[in-house]
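All remarks here apply to the structure that follows.
In full-length UniProt numbering, the protein residues as written are 1 to 484.
Shown next as structure tokens:
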């Protein structure tokens with residue numbers, strides 16, 4: 001339903017009877033989806049649609065036919081308020097901080113980080129144009145994450161046709177260690193063999209007769225705590241509050257040292273005055289009436305073309321301004337700015353990353369009543385060593401948490417589709433905690449509960465409540481030429 005004072009949602013339905021080529025498994029006719037052209041759409045209607053498995057590419061909105069399509073695509077969201085950075089996430093954030101504050105571009109650090117580029121979902125218009133002037137030519141969904149600790153290079157991407165966008169060539173399956181944990185390993189003693197550990201010679205190895213060495217950081221913390229307690233004894237000696245005060249001090253020290261850092265602790269770090277670089281993130285509404293969007297359009301479009309040609313091997317004609325506008329600037333979402341919403345309002349935006357006065361990356365996002373939905377990311381290949389795909393995703397999660405402070409209902413980060421049947425597309429499941437949408441009951445289910453089911457079958461109902469009914473549209477009322 002349209003909000004008061006806003007334009008109504010107007011769509012043209014295209015159907016989903018024919019199959020088209022799949023960009024994941026390369027099946028020539030296995031990609032099945034419903035599709036419609038959205039002339040205009042309220043943010044609440046689009047929120048409701050993505051909570052039913054739909055997704056937009058420009059103004060084209062589509063939904064995979066889950067029990068028929070060759071590669072089922074499950075809507076995935078991250079619980080942004082509960083998000084905890086992983087070890088690899090922290091490395092990416094620290095790498096960016098080192099670069100900005102010290103100018104460090106160490107190749108050793110860069111090579112240790114997996115997934116330097118965005119992996120895009122190859123969903124695409126394999127939906128052959130039912131309306132030549134309408135349907136966008138490719139669906140690309142952003143997000144990037146580290147597969148275990150696999151090193152990926154930007155130049156591994158291979159260009160493809162307009163009907164699909166290539167996904168990374170590295171197969172995660174080849175990196176998984178399979179087999180019995182107790183299996184014999186060449187050069188290692190068998191489990192049944194008893195090994196006698198002789199005392200190490202002086203100067204070689206650890207002395208087993210002595211306790212293990214403690215970390216210097218732990219020793220410093222203990223000394224600091226002892227010093228604080230000693231100072232307090234001078235003023236509280238003989239006081240009945242002494243024991244209670246010491247207990248509180250110990251508790252406070254433990255809570256401080258054991259509290260994990262939040263994502264904001266890694267992003268919003270004070271920089272030295274003489275920092276060699278300056279990074280600024282600007283949120284710009286997708287509208288040619290907006291001065292910032294209009295003034296940065298040429299630079300943004302040029303960056304898009306550079307990215308597409310370098311990473312996806314597009315020709316100049318495949319990534320010109322018209323293609324850029326149709327794919328990443330045209331949006332059916334009608335902007336809304338209600339009093340109880342975020343200060344920026346709802347709608348489609350470009351989140352621009354400015355480094356030293358120039359754009360090096362742009363994250364295309366939709367801000368909706370309950371979530372920030374990631375649409376696409378493109379960046380300057382010259383800065384691929386900064387792992388901008390991972391970095392931008394983490395910034396968007398932090399941005400979601402920031403918006404939540406003003407709009408309490410907005411607390412999720414939608415990452416597009418999760419495709420378990422395609423090993424290269426499982427990286428989105430690494431942003432935890434995350435949920436997958438049940439394709440039958442449309443109930444959100446923790447991904448940990450979904451993965452065992454998807455190992456058994458590429459299509460699965462996640463909701464295990466047998467009494468929960470499947471959501472089926474029995475009647476669809478459409479308006480055509482003002483006639484219902």
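Each residue gets a CB set at the ideal place from its N, CA and C atoms; glycine is no exception.
For residue 395, the enclosing alpha helix (DSSP H) stretches over residues 388–404.
Per DSSP, reduced to three states, the secondary structure at residue 24 is coil, with no helix or strand assignment. The straight-line gap separating the alpha-carbon atoms of residue 220 and residue 261 is approximately 20 Å. As summarised for the region 249–329, the continuous alpha helix (DSSP H) elements at least 4 residues long and confined to that stretch are 263–267, 291–311, 321–324, given in chain order. Only residues of its own chain outside the window of five on either side were considered, and among them 83, 85, 394, 397, 398 have a CB closer than 7 Å to the CB of residue 263, listed in chain order.
As DSSP reads the structure, residue 363 sits in a beta bridge with 351, 377. When Cβ pairs closer than 8 Å are counted between the two stretches, the region 94–102 is seen not to touch the region 62–75, the count staying below three. By the Cβ neighbour-count rule, residue 17 is exposed, with fewer than 16 other Cβ atoms within 10 Å of its own. Residue 365 places its beta carbon 8 Å or farther from that of residue 352.
By a beta-carbon distance limit of 8 Å, residue 79 does not contact residue 417. Their separation comes to about 18 Å. Residue 425 holds the alpha-carbon nearest to the alpha-carbon of residue 24 among 367, 36, 437, 425. In the same chain as residue 341, and ignoring 5 residues on each side of it, the C-beta atoms closer than 6 Å to its own belong to 407, in chain order. Classified as exposed, residue 288 has fewer than 16 neighbouring CB atoms from the shown chains inside 10 Å of its CB. Judged by their CB atoms, residue 328 and residue 367 are not nearer to each other than the 8 Å cut-off.
Annotated three-state conformation of residue 420 is coil, per DSSP. Nearest C-alpha to residue 36 among 326, 278, 279, 54: 54. Inclusion of residue 332 and residue 346 in the CB contact set at 8 Å is not warranted, their separation being larger than that value. Within 10 angstroms of the beta-carbon of residue 268 lie fewer than 16 other beta-carbons, which makes it exposed. A residue is called buried once 16 or more other Cβ atoms fall within 10 Å of its Cβ, and residue 323 is buried on that count. When DSSP reads this structure, residue 89 sits in no beta bridge, so it has no partner.
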